[in-house]
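J.: Those sequence lines, one after another, are chains A and B.
Note that this note's numbering gives residue 214 to position 214 of the first sequence, counting from 1, and the numbers run on in steps of one.
Note that this note's numbering gives residue 1136 to position 136 of the second sequence, counting from 1, and the numbers run on in steps of one.
So that we are looking at the same thing, I have put the structure below in structure tokens.
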Amino acid sequence: MIPAPFDYVRADSYDAAAAALGEHGDEAKLLAGGQSLLPLMKLRLATPAIVVDVSRASDLSYVRDDGGVLAIGALTRHCDLARSADVTAHAPLLAHAAGSVGDPQVRHRGTIGGSVAHADPSADIPTALLALGASYVVRGPGGSREVAAADFSTGFLETVLAPDEMLVEIRLPSARGETWGYEKFTRRAIDWATVAVAVQNRGAETSVALANMGSTVLRATATEAALASGAGAADAAAHADEGAEPAGDVTASADFRRHLARVLTKRALAAAGR
Amino acid sequence: MNLTVTVNGTAHTVDVEDRTLLVHLLRDQLDLTATNIGCDTTSCGACTVLLDGESVKSCTVLAASVDGRSVTTLEGLAEGERWHRVQEGFRSMHGLQCGFCTPGMVMAAVSLLDENPSPTADEVRQGLEGNLCRCTGYHNIVAAILEAAK
């Protein structure tokens, strides 16, 4: 399979990418690691006229400790996150999730920003970042804005990004020393999550995020509320699918996804010591 | 577009369509046909090659994206008559049946051992999660990689 014809533009910095987006507008699509976009292009489900390759924008590949806040460049690869001492120290949930994306080959190409901007509700990275309370720095001609992870995706593969904007940095408050859990159910090792659950504790507060339980990644708010009011993990996990509207597909029925959300939440809470 | 890529130590300047995938550049333009196309959907790993030393699935990388970089295919592993230790491991432990997945398995294993020189059997199995063997001959493949790591 070969993608439909397009014009290739290489942009090795944010400025070069911004210039390309400014010139080509919504005809252009940013290509980071390409591990989600290229398969869609090969299936002709995505047919951008212009592909702007930012995979070598080294100014957007970094992990930085900004004094209690971890700042991660959007083009930092999954393999680099998984082995980063800073990510392992401040956000072990993210390091673990990054190490469980796809397979080693995918992790050698795929990037944190690419995964977030692709906005697939079954993806590991945005699920972990939602539980971690991350925010996303978006830059465009009018300057930068910071969007909370919960407000970023507006639907299946849809985000608040304007055609001339680019996700440039992921920021999250350090979770050093806090406990966490991540549980993913897949039919084969490398599959996208049938359902996944990320749990992040911060002191007495617990955040629970769900993958593939709707058109975006989402918080298990009923479980979080139950925990906050003193419920035990098993009782709280029984509410994990409340308010979610999972799809049924060839991988799993909607009812099975609800079951998985409850069971995996219980396991992830246990792993996090709740 | 024109691009220059070093493949197995030799620099090539080639003219490709913007949409050309790395695997098609290797197979169709450079005649390096050890790299197989299996699923063509980033699942099976038969097209695995090394990009600057790291395993990637060449069906899911644009040729344009490797301009100026270095690619290693199975053909580039041996040094003259001397096989790479992973190739030796596959031979001594009979790490193949039909052989279709083998080039990708070997390249994935080279990358795996580069990142983790002394893996456990479980780490080898985890490290091969991106490579499928349609003969289901995983046992000897794992043994071959552990042998190579000795």
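Quick reminder that beta carbons are idealized off the backbone N, C-alpha and C, glycines included.
Note that the structure is predicted; figures quoted are calculated from it, not measured.
On a Cα-Cα basis, can you pick out the residue from B:1144, B:1111 and B:1134 that is closest to residue 1121 (chain B)?
T.: Measuring from the Cα of residue 1121 (chain B), the nearest candidate turns out to be B:1144.
J.: How would you list, in chain order, the residues of chain B whose beta-carbon sits under 9 angstroms from the beta-carbon of residue 113 (chain A)?
T.: Within chain B, no residue comes near residue 113 (chain A); the closest Cβ sits about 16 angstroms away, beyond 9 angstroms.
J.: Could you give the distance in angstroms between the alpha-carbon of residue 1104 (chain B) and the alpha-carbon of residue 112 (chain A)?
T.: Roughly 26 angstroms between the two C-alpha positions.
J.: Are there 16 or more other CB atoms within 10 angstroms of the CB of residue 1150 (chain B), so buried, or fewer, so exposed?
T.: It is exposed - the Cβ of residue 1150 (chain B) has fewer than 16 other Cβ atoms within 10 Å.
J.: If you run the structure through DSSP and keep just helix, strand and coil, what is residue 986 (chain B)?
T.: What is shown of chain B runs 1001 to 1150, which leaves residue 986 (chain B) out entirely.
J.: Could you name the residues of the stretch 1016 to 1032 of chain B whose beta carbon sits closer than 9 angstroms to any beta carbon of chain A, in the order they occur along the chain?
T.: Of all residues in the stretch 1016 to 1032 of chain B, 1017, 1018, 1019, 1020, 1021 and 1024 have a Cβ within less than 9 angstroms of some Cβ in chain A.
J.: Measure from the alpha carbon of residue 32 (chain A) to the alpha carbon of each residue in A:52, A:175 and A:85, then state which is nearest.
T.: Ranking A:52, A:175 and A:85 by Cα distance to residue 32 (chain A) puts A:52 first.
J.: Buried or exposed for residue 1061 (chain B), going by 16 or more other Cβ atoms inside 10 Å?
T.: Buried.
J.: Report buried or exposed for residue 43 (chain A), applying the criterion of at least 16 other Cβ atoms within 10 angstroms of its Cβ.
T.: Classification of residue 43 (chain A): exposed, given that the 10 Å Cβ count is below 16.
J.: Can you tell which of A:168, A:138 and A:142 has its C-alpha closest to the C-alpha of residue 160 (chain A)?
T.: When each option's Cα is compared against that of residue 160 (chain A), the closest is A:138.
J.: Considering Cα atoms alone, identify which of B:1028, B:1056, B:1086 and B:1027 is closest to residue 1117 (chain B).
T.: Of B:1028, B:1056, B:1086 and B:1027, the residue nearest in Cα terms is B:1086.
J.: So, for residue 218 (chain A): in the same chain, excluding its five sequence neighbours on each side, which residues have a beta-carbon less than 6 angstroms away from its beta-carbon?
T.: So the qualifying residues of the chain are 210.
J.: In the stretch 96 to 109 of chain A, which residues sit with their C-beta less than 8 angstroms from some C-beta in chain B, listed in chain order?
T.: From the stretch 96 to 109 of chain A, only 102, 103, 104, 105, 106, 108 and 109 have a Cβ closer than 8 angstroms to chain B.
J.: The beta strand (DSSP E) spanning residue 286 (chain A) covers which residue range?
T.: This structure leaves residue 286 (chain A) out entirely; chain A is present only between 1 and 274.
J.: So, helix, strand or coil for residue 1065 (chain B), using DSSP?
T.: DSSP places residue 1065 (chain B) in helix when its eight states are reduced to three.
J.: Strictly below 7 angstroms CB to CB, what residues from chain B border residue 1 (chain A)?
T.: Neighbours of residue 1 (chain A) on chain B, chain order: 1040.
J.: Could you list which residues in chain A have their beta carbon closer than 8 angstroms to that of residue 1061 (chain B), in chain order?
T.: What residue 1061 (chain B) touches in chain A: 34, 38 and 109.
J.: Give me the subset of the stretch 38 to 66 of chain A whose CB atoms are less than 9 angstroms from a CB atom of chain B, sorted by chain position.
T.: Answer set for the stretch 38 to 66 of chain A: 38, 39, 41, 42, 43, 51, 53, 55 and 56.
J.: Would you please state the rounded distance, in angstroms, between the beta carbons of residue 110 (chain A) and residue 172 (chain A)? I believe it to be under 8 angstroms.
T.: The Cβ separation is near 19 angstroms, so there is no contact.
J.: Starting from residue 297 (chain A), find everything on chain B with Cβ-Cβ shorter than 9 angstroms and list it in chain order.
T.: Nothing can be reported for residue 297 (chain A): it is not among the residues displayed for chain A, which extend from 1 to 274.
J.: Confirm, please, whether the CB-CB distance from residue 261 (chain A) to residue 240 (chain A) is below 8 angstroms.
T.: Yes. Within cutoff.
J.: Whose CA, out of B:1057, B:1015 and B:1030, lies closest to the CA of residue 38 (chain A)?
T.: Of B:1057, B:1015 and B:1030, the residue nearest in Cα terms is B:1057.
J.: What residue range does the beta strand (DSSP E) around residue 200 (chain A) cover?
T.: Note, residue 200 (chain A): beta strand (DSSP E), 195 to 202.
J.: Could you check where the beta strand (DSSP E) with residue 166 (chain A) kicks off and where it finishes?
T.: Where residue 166 (chain A) is concerned, the enclosing beta strand (DSSP E) stretches over 166 to 173.
J.: Which residues in chain A sit within 8 angstroms of residue 1054 (chain B), going by Cβ to Cβ distance?
T.: 79 and 108, listed in chain order.
J.: If you draw a straight line from the alpha carbon of residue 103 (chain A) to that of residue 190 (chain A), how long is it in whole angstroms?
T.: Between residue 103 (chain A) and residue 190 (chain A), the C-alpha separation is close to 6 angstroms.
J.: Show which residues of chain A have a CB atom less than 9 angstroms away from the CB atom of residue 1064 (chain B).
T.: Ordered by position in chain A, the residues that pass the 9 angstroms Cβ test against residue 1064 (chain B) are 8, 10, 51 and 53.
J.: Determine the burial state of residue 1094 (chain B): buried for a count of at least 16 other Cβ atoms within 10 Å of its Cβ, exposed for fewer.
T.: By the neighbour-count rule (16 or more Cβ atoms within 10 Å), residue 1094 (chain B) is not buried but exposed.
J.: Hey, could you find the ends of the alpha helix (DSSP H) residue 22 (chain A) is sitting in?
T.: Element bounds for residue 22 (chain A): 14 to 24.
J.: State whether the stretch 145 to 155 of chain A contacts the stretch 187 to 207 of chain A, with contact taken as three or more CB pairs (one from each stretch) at a distance under 8 angstroms.
T.: The stretch 145 to 155 of chain A is not in contact with the stretch 187 to 207 of chain A.
J.: Using the C-alpha atoms, what's the distance from residue 142 (chain A) back to residue 242 (chain A)?
T.: For residue 242 (chain A) and residue 142 (chain A), the distance between alpha carbons rounds to 39 angstroms.
J.: List, in chain order, every chain B residue whose beta-carbon is nearer than 7 angstroms to that of residue 141 (chain A).
T.: Simply none; closest approach about 26 angstroms.
J.: Helix, strand or coil, according to DSSP, for residue 278 (chain A) in the structure here?
T.: The question about residue 278 (chain A) has no answer, for chain A in this structure spans 1 to 274.
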